[in-house]
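Enquirer: Chains A and B, in that order, give the protein sequences. Using my numbering, you'd call the opening residue of the first sequence number 649 and step up by one each time. Using my numbering, you'd call the opening residue of the second sequence number 783 and step up by one each time. My questions will all concern the structure given below.
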Amino acid sequence: MSTVDLAKQPVQENKSEPKPSKWLDAYHDPVASLYTFTQCITLSDIQADGDWKLIIADLGSGSTNMKLKVYKGTDLISENTIIDLPTGVVTFYMDTHEPRTPAIAVASGPFIYIYKNLRPYFKFTLPPLEVNSMEEDLWNQVKEGRINVYVLREMLEGMRTDGTTLTVRSLRYLQLTDAGDMIQFCEVYKNSPLKRQTVITSLNTLKKSMSEDDAISCLVLGTEDKSIYVLDPEAFTVLATMNLPSVPVFLSVTGMFDVEYRIVVACRNGCIYTLKRGVEDISKNCIELSSQIVGMERLNKTIYVACMDQTLKCFTSKGKKMWTVKLPKSITTIEVVDYKPRGFKAILVALSSAEVHVYKEKYLVDIIKTDDIVTAMRFGRFGREDGTLVMCTSSGGLLIKILKRSASFEEKDMSGGPPASQNVKLNVPKKTKLFVDQALRERENGVTMHRTFQRDLYLLRLNTARQYAKALSNSMNPISTDPSEPLKLSAQIQGIGPTFKLTVNLQNTSLSQASTKLHITFDYDDKLYNFRRTYIPVPMLVPGLNYAFETYIECLNDKGVSDTVKVYVLRENKSVPIITGVISMPVSETLVVV
Amino acid sequence: MGFLSRLASLFGFKKNEANILVVGLDNSGKSTILNFLKQGDKNVPVDTVPTIGLNVEKMKAANIEITAFDMSGQGRYRPLWEQYYKECQGIIFVVDSSDKLRVVVARDELERMMKHPDLERRNVPVLFFANKMDKRDAVSSVKVSTLMGLNEVIHNKNWHIVASNAINGDGIDEGITWLADVMKSNMATKK
């Protein structure tokens, strides 16, 4: 597994000259007023004339003006009003009649609306769920006038805080605050039977028993009550129901219902579950993610997941994580590209920076820049063109791009990693006989060699320690070890000879205690050197200050001989010096008489 | 004259013979146009099937024997077009005027064709058919010419655009006559 952080490494392509785009701008309408998501766009040959149409469930304002729109090329050919917010649009073949026209299914609230030949054909309602008996009892009591609206409200409130799932009616009722409104609400609804219905969150198709492109397909729906339903396309009965630990939000389906199928479900709890035919325990095949899922696509046996933490993750169908790519901005939606004529497979990732990144495996191969943030996109056949990318933007624009015939996406790693030069083989010379012999010897006598080395190392350490101890006992070191006389000594020699200047610096390193009654004297070879002052009385040393004492030294020898000179700092009436400095004298230049 | 025509035949074409290349996107009506040309006025509409590879048709127009290479427009056969660039004396480019979405694809193919080394320096006349004028959502030939950017894309060649309807033959003869005339004058200047 590897993680590539694009946020930290800006894409290098920006620096190079702009390449010709790989996409042709077929159509751009910035004011198409289409507000939708990827799940609500599909491309299909709904009139069986080889001219594929674009089908969009327009969310309108979110509460009004919701429409199912069908585009032929760039022209709107059909518009159907949808009553509730659409959550998914798919097309599927529900019969074997000729010509082979697929039906459009729109998921909206607890219903699925089926359109054939662009006309409403059927409405499927999800089976109602069981109503909590206590809640039903409460509403019955209201009907009979045994409790008033306040008691009802209090009781329902209590049930909600206990974690009971209430019906839509009760939830709506709890939103009311005005007494008049509550009474009116009860009057209007108390006589109709209480029903609990769920809401469809995601919609997909699953081939029934044949794998052909125009074979009959079942509808697969995920609902808010944490279930997956598989519907029979002809009778519209529930063929299978599966329960999940959380609410499904994205579905990816492969296989055939009658043979073997696999439904990969991304849930609102940030987990991805895989449902298979005949497998009851779904917790075994679970991918847990660290962040919420904003999109999930599947390409053959790999699952691509876009997360809210700006990452695109790739998993095998068995749930093993392959890689993660960190994107520079948050992801709005993802879409898969499976362009068969060219064998090109990729993942499109729309970002909030108004860009669409094209990933081939984990490599960024192209960037499409748009005017606005893309919220929905679909790649596929549109009209008569196979490689068409339809995008809807957050401000309602519609963009259609066509992949160029000449476009080639190089799998160039634009995002760091080891440089190519790392793979170049070095010209390593051949092993010599000496090297081989040495290696052999090392292999055979490894233990002895190690022991010898260890013994020498210990001897060295011991020697060092001895010398150190000796230096301490003789006060041969320039820093005083005596706590009562904390002194620091440093000395330097200036000049080239034969006369040198020796500067001795003394510092009292104690915090408050002054040092008194100190003297400096020198130890030297009087045949070699002559000190102008051999004794320097030291005044009182104030803590912290640096005192400099100077003397001149003459070198008496002109043969280029040098010796060491010792500086002693002594205290009155004490024979052992407090500190000692050893100065090795430089070789003196001979006195040149001009 | 006799010497010159012999010379011309040495270079591979006789006095009144020409090869033309018919290209365009799939479903733009290339084969239908050629069907119409072949049958002349006694036009019987036939169901045309998508061309695989290419078809070769021979016909006579404006005193020239024309060999037309009807290329398939499907994406997977488009790389085949360039094999015939060298030996053609005229090009017919058919555009579906009702398919606004794919005009940009046609333009891309035209740009690629014009940049091809076999065509770049030759003065080959290019005739555009803005076809399918009978369709309700078809745009005018002028609009097609601007959408295709013909003025920018073609620099050193004669070109002409004709609105056409291959089903009843509107505009086809006009276009072919123009192409034949230009090819004839080109041949004359070569001699």
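Think of the CB as a built atom: it goes at the ideal place given N, C-alpha and C, for glycine as much as any other residue.
Assign lysine 949 of chain A to one of three DSSP states: helix, strand, or coil.
Expert: Walking along the first sequence from the start, residue 949 of chain A turns up at place 301. Coil.
Enquirer: Under 8 Å between C-beta atoms, does asparagine 662 of chain A make it to chain B?
Expert: If you number the first sequence from 1, residue 662 of chain A lands on position 14. Bear in mind that the predicted position of asparagine 662 of chain A carries a pLDDT of just 43, short of 50, making it too unreliable to give a figure here.
Enquirer: Note down, one range per segment and in chain order, each beta strand (DSSP E) of at least 3 residues found wholly within the region 836–905 of chain A.
Expert: Taking only runs of at least 3 residues, the beta strand (DSSP E) segments lying wholly in the region 836–905 of chain A are 848–855, 865–871, 875–879, 886–891 and 896–904.
Enquirer: Is the beta carbon of threonine 686 of chain A closer than 8 Å to that of alanine 1024 of chain A?
Expert: To locate residue 1024 of chain A, count along the first sequence from 1; it is residue 376. To locate residue 686 of chain A, count along the first sequence from 1; it is residue 38. Cβ atoms of alanine 1024 of chain A and threonine 686 of chain A: closer than 8 Å.
Enquirer: Checking contacts by CB at 8 Å: is serine 650 of chain A closer than that to chain B?
Expert: Residue numbering aside, residue 650 of chain A sits at position 2 when the first sequence is read from its first letter. Low local confidence applies: a pLDDT of 48 at serine 650 of chain A is under 50, so the model's placement there is unreliable, and no value is given.
Enquirer: Which of helix, strand or coil does DSSP assign to glutamine 871 of chain B?
Expert: Counting from one through the second sequence, the residue named residue 871 of chain B turns up at place 89. Residue state, collapsed to three classes: coil.
Enquirer: Taking DSSP as the reference, what is the three-state secondary structure of glycine 828 of chain A?
Expert: Along the first sequence, read from residue 1 onward, the residue named residue 828 of chain A stands at position 180. Note: glycine 828 of chain A maps to helix in three-state DSSP.
Enquirer: Counting only Cβ-Cβ distances shorter than 8 Å, please list the residues of the region 932–966 of chain B near chain A, keeping chain order.
Expert: Within the region 932–966 of chain B, no residue qualifies.
Enquirer: What does the Cβ neighbour count give for valine 1331 of chain A, buried or exposed, with the cut at 16 atoms within 10 Å?
Expert: Given that chain A is displayed from residue 649 to residue 1242, the structure contains no residue 1331 of chain A and the question cannot be resolved.
Enquirer: Provide the residue(s) that pair with leucine 892 of chain B in DSSP beta bridges, ordered along the chain.
Expert: Looking up residue 892 of chain B in the second sequence gives position 110. Note: leucine 892 of chain B sits in no beta bridge, so no partner.
Enquirer: Between alanine 912 of chain B and isoleucine 943 of chain B, which are expected to be in contact by the criterion C-beta below 8 Å, what is the C-beta distance as a whole number of angstroms?
Expert: Counting from one through the second sequence, the residue named residue 912 of chain B turns up at place 130. Counting from one through the second sequence, the residue named residue 943 of chain B turns up at place 161. Distance from alanine 912 of chain B to isoleucine 943 of chain B at the Cβ level is roughly 6 Å; contact confirmed, criterion being Cβ atoms closer than 8 Å.
Enquirer: Are there 16 or more other CB atoms within 10 angstroms of the CB of arginine 884 of chain B, so buried, or fewer, so exposed?
Expert: What you label residue 884 of chain B is simply residue 102 of the second sequence in a count that begins at 1. Burial call: buried.
Enquirer: Near glycine 708 of chain A, which residues of its chain fall below 7 Å by C-beta distance, leaving aside the five closest residues on each side in sequence?
Expert: By 1-based counting over the first sequence, the position of residue 708 of chain A is 60. Cβ neighbours of glycine 708 of chain A beyond the five flanking positions: Tyr683, Met714 and Lys715.
Enquirer: If you measure beta-carbon to beta-carbon, which residues of the region 852–881 of chain B are closer than 7 Å to chain A?
Expert: Gly857, Arg858, Arg860 and Asp881
Enquirer: At a Cβ cut of 8 Å, what residues of the region 721–752 of chain A count as close to chain B, listed as they run along the chain?
Expert: Answer set for the region 721–752 of chain A: Gly721, Thr722 and Asp723.
Enquirer: Who are the Cβ neighbours of threonine 1164 of chain A in its own chain at under 6 Å, not counting the five residues just before and after it?
Expert: Mapped onto the first sequence, residue 1164 of chain A falls at position 516. For threonine 1164 of chain A, where only same-chain residues beyond five positions count, the Cβ hits under 6 Å are Met1188.
Enquirer: Please confirm whether arginine 903 of chain B has its beta-carbon closer than 8 Å to some beta-carbon of chain A.
Expert: The residue you call residue 903 of chain B lines up with position 121 of the second sequence. Output row for arginine 903 of chain B: interface = no.
Enquirer: Please compile the residues from chain A whose C-beta is within a distance smaller than 7 Å of the C-beta of asparagine 809 of chain B.
Expert: Here residue 809 of chain B corresponds to residue number 27 of the second sequence, with the count starting at 1. Simply Arg1032.
Enquirer: Just to make sure I have the definition right: I need the residues of chain A whose C-beta is within less than 8 Å of the C-beta of valine 886 of chain B. Which are they?
Expert: Taking the first residue of the second sequence as 1, we reach residue 886 of chain B at position 104. Neighbours of valine 886 of chain B in chain A, taken as residues at a C-beta separation under 8 Å, are given in chain order as Leu672, Asp673, Ala674 and Ile1050.
Enquirer: Going along chain B, which residues have a C-beta under 7 Å from arginine 916 of chain A?
Expert: What you label residue 916 of chain A is simply residue 268 of the first sequence in a count that begins at 1. Chain B residues near arginine 916 of chain A: none, gap ~37 Å exceeds 7 Å.
Enquirer: Taking the beta strand (DSSP E) that serine 692 of chain A belongs to, which residues open and close that run?
Expert: As a working note, residue 692 of chain A is residue 44 in the first sequence. Per DSSP, serine 692 of chain A belongs to the beta strand (DSSP E) from 689–692.
Enquirer: Does the structure place the region 934–941 of chain A close enough to the region 900–911 of chain A that three or more beta carbon pairs sit under 8 Å?
Expert: Short answer: they don't touch.
Enquirer: Which residue wins for smallest C-alpha separation from phenylalanine 884 of chain A, given the options A:Val868, A:Val895 and A:Ser818?
Expert: Start at 1 with the first residue of the first sequence, and residue 884 of chain A comes out as number 236. Minimum Cα distance to phenylalanine 884 of chain A is reached at A:Val868.
Enquirer: Using DSSP bridges, identify the partner residues of phenylalanine 833 of chain A.
Expert: By 1-based counting over the first sequence, the position of residue 833 of chain A is 185. Bridge partners of phenylalanine 833 of chain A: none, in fact.
Enquirer: Just checking: is the beta-carbon of arginine 1029 of chain A within a distance shorter than 8 Å of some beta-carbon in chain B?
Expert: Position 381 of the first sequence, counting from 1, holds the residue named residue 1029 of chain A. Taking Cβ atoms only, chain B never reaches closer than 8 Å to arginine 1029 of chain A, which makes this a no.
Enquirer: Evaluate contact between the region 826–835 of chain B and the region 850–863 of chain B, counting only Cβ atoms and requiring at least three cross-stretch pairs below 8 Å.
Expert: yes
Enquirer: So, with DSSP's three-state summary, where would you put threonine 833 of chain B?
Expert: Along the second sequence, one-based indexing puts residue 833 of chain B at 51. It is coil, neither helix nor strand.
Enquirer: Per DSSP, aspartate 706 of chain A is paired with what?
Expert: Locating residue 706 of chain A in the first sequence gives position 58, counting from the first residue. Bridge partners of aspartate 706 of chain A: A:Lys715.
Enquirer: Report the three-state DSSP secondary structure of threonine 686 of chain A (helix, strand or coil).
Expert: Mapped onto the first sequence, residue 686 of chain A falls at position 38. DSSP places threonine 686 of chain A in helix when its eight states are reduced to three.
Enquirer: Please report how far the alpha carbon of proline 882 of chain B lies from the alpha carbon of alanine 914 of chain A, in whole angstroms.
Expert: Numbered from 1 along the second sequence, position 100 holds the residue referred to as residue 882 of chain B. Numbered from 1 along the first sequence, position 266 holds the residue referred to as residue 914 of chain A. Strictly speaking, residue 882 of chain B in this sequence is lysine, with proline absent from that position. Cα to Cα, the separation comes out at about 39 Å.
Enquirer: In chain order, which beta strand (DSSP E) runs of at least 3 residues are fully inside the region 1179–1240 of chain A?
Expert: 1183–1186, 1194–1203, 1212–1219 and 1227–1232
Enquirer: Looking at chain B, which residues of the region 1016–1028 of chain A have a Cβ within less than 7 Å of any of its Cβ atoms?
Expert: none
Enquirer: Under a three-way DSSP split, which group does threonine 815 of chain A fall into?
Expert: Counting from one through the first sequence, the residue named residue 815 of chain A turns up at place 167. Coil, per DSSP.
Enquirer: In the DSSP assignment, the alpha helix (DSSP H) including glycine 806 of chain A goes from what residue to what residue?
Expert: For this step, residue 806 of chain A is matched to residue 158 along the first sequence. Its alpha helix (DSSP H) spans residues 797–809.
Enquirer: Find the nearest neighbour of lysine 758 of chain A within the set A:Pro750, A:Ala751 and A:Lys771, judged by alpha-carbon distance.
Expert: Position 110 of the first sequence, counted from the start, is the residue given in the question as residue 758 of chain A. At residue 758 of chain A the sequence reads proline, which differs from the lysine that was named. In terms of CA proximity to proline 758 of chain A, A:Lys771 leads the group A:Pro750, A:Ala751 and A:Lys771.
Enquirer: Once you ignore the five residues that flank glutamate 945 of chain A on each side, which residues in its own chain have a CB closer than 6 Å to its CB?
Expert: Within the first sequence, residue 945 of chain A is the residue found at index 297, counting from 1. Closer than 6 Å at Cβ, skipping near neighbours: Tyr952, Ile982 and Val984.
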